[in-house]
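Residue numbers (full-length UniProt numbering): 1 to 320. Idealized CB from N, CA, C, for every residue including glycine. Bear in mind that the values here come from a model prediction, so they are computed numbers and not experimental data.
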């Protein structure tokens, strides 16, 4: 990690006081120069977060840990001797919130856990929409512009990837999650405050995202880079494995609806934009096969209308 580099941590409560302009400037700078920032005092109750962390770790221990160990054995990952580049060291399940929920279809979730995740998801949805309006304000866009673009005709898609990254005996041999940018819109992450691992690529160096208790980490997806005409950027990030500790990660994706038409906002384009215009679902069809590759060829492919229907998906994709 670079010396003298300070990851952007933003106190959202300061929007309501004399430091509002300074706080908005910090958000704008983070979106332009980091693609990531960490929120404190975001309004989500800490006791809710504590309960979700407890239940998520209990759920993994009771229902998923043994399955993960069996997966390691079946793939020969329990005795790693050479570096593995096409598998992630993670145990996950997915919750869909919008446009329809699958919360009651997930096996082995207690009623308490379902109720907490439903509450948490709604609060994150509200926070995402609040943040989108703050981005509009910084960008000089009409309030509600980003929410309207994301809505399409069917409303936005919103879902949560619940992950555990168990201890790895040979962390130099395999990543928890390989480097990628996120395809969608706004990502809101509740991460473990004791076991680190999340890193982003900043000016050629991998920088740790600090694990702060009760924080929500925000990062921008590819769609916001396109809509802002490159003023805001999606950033490569990854999860490193650790020898000690089980890392919890609850990442919620506030994405455009499948038929949402994505293009650079006209007021942010001086002449001709280098970014493409497309339907979000078409982008996802391309992304599914090239998630762990650079984003620029994806943008170029969409611009050239070169998306084909025979892309072979090779990665798990957050298509919420």
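Contact annotation: residue 74 and residue 164 have beta-carbon atoms that are not nearer than 7 Å. If you draw a straight line from the Cα of residue 27 to the Cα of residue 158, it comes to about 22 Å. In the structure shown, residue 65 falls within a helical segment according to DSSP collapsed to helix, strand and coil. Among the bridge pairs identified by DSSP, residue 202 is matched with 205. Inter-segment contact for the stretch 121-130 and the stretch 40-47 is present: three or more beta-carbon pairs are separated by less than 8 Å. With a cutoff of 7 Å on beta-carbon distance, residue 209 and residue 217 are scored as near each other. Measuring C-alpha to C-alpha distances from residue 35 to each of 278, 223, 290, 297 identifies 223 as the nearest. For residue 15, the closest of 131, 244, 300 by C-alpha to C-alpha distance is 131. Between the alpha carbons of residue 248 and residue 198 lies a distance of about 11 Å. Across the set 152, 160, 83, 138, the C-alpha of 160 shows the shortest separation from the C-alpha of residue 114. Per DSSP, residue 28 lies in no beta strand (DSSP E); the unbroken alpha helix (DSSP H) holding it starts and ends at 20-33. Taking C-beta atoms under 8 Å as the contact rule, residue 87 and residue 174 qualify, at a distance of about 7 Å. The distance from the Cβ of residue 230 to that of residue 275 is about 6 Å, consistent with a contact at the 8 Å cut-off. A Cβ-Cβ separation of about 7 Å places residue 220 in contact with residue 186 under the 8 Å criterion. Excluding residues up to 5 positions away in sequence, 172, 173, 174 lie with their Cβ nearer than 8 Å to the Cβ of residue 83 in the same chain.
When only Cα atoms are considered, residue 292 and residue 18 end up about 43 Å apart. Counting along the chain, the unbroken beta strand (DSSP E) around residue 251 starts and ends at 247-255. Across the structure, residue 148 and residue 267 are spaced so that their CA atoms are roughly 16 Å apart. Contact annotation, residue 256 with residue 250: C-beta distance approximately 21 Å; criterion of less than 8 Å not satisfied. When DSSP reads this structure, residue 110 sits in no beta bridge, so it has no partner. A straight line joining the alpha-carbon of residue 142 with that of residue 119 spans about 29 Å.
Comparing alpha carbon positions, the residue from 191, 285, 303, 304 closest to residue 38 is 191.
Spatial neighbours of residue 12 in its own chain (CB-CB distance under 6 Å, excluding positions within 5 residues in sequence) are listed in chain order as 39, 41, 42. Leaving aside the five residues that flank residue 63 on each side, the residues in its chain whose CB is nearer than 7 Å to its CB run, in chain order, 108.
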